Amino acid sequence: MENIIHLKSVVDSILFSFIGICILVISFVIIEKITPENIYKQVVDKNNTAIAIIFAAFIIAIAIIISSAIHG
3 MENIIHLKSV VDSILFSFIG ICILVISFVI IEKITPENIY KQVVDKNNTA
53 IAIIFAAFII AIAIIISSAI HG
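So my numbering is basically just the index in the sequence shown, starting at one, shifted up by 2.
So this is what it looks like as structure tokens:
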């Protein structure tokens, strides 16, 4: 009887997920350093919805790029 779940596939998925999350966090830190204002303070303290929407679009775009790069 063959194993339904292959251990190598599970480990590869976890590894690629971890790499993708690391790249996403690094890109967030870089954008946070480049922008003149602190994005977190703008969104949380000043309730700036426009910056929240733009930054959410940025995160989604980077996530799509990372997933495409990982999965081919």
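Note that the Cβ used here is the ideal one computed from N, Cα and C, for glycine as well. Given the structure is predicted, the values throughout are model-derived calculations rather than measurements.
Rounded to the nearest angstrom, the Cβ distance from residue 68 to residue 25 is 5 Å, consistent with a contact under 8 Å.
Here residue 48 carries a coil assignment [DSSP, helix/strand/coil]. Within the same chain, Cβ atoms closer than 8 Å to the Cβ of residue 72 are found at 18, 21 and 22, the five residues on either side in sequence being excluded. Assignment of residue 39 by DSSP, reduced to helix, strand and coil, places it in the coil class. Cβ contact annotation for residue 44 (same chain, cutoff 6 Å, sequence separation greater than five): 50 and 53, in chain order.
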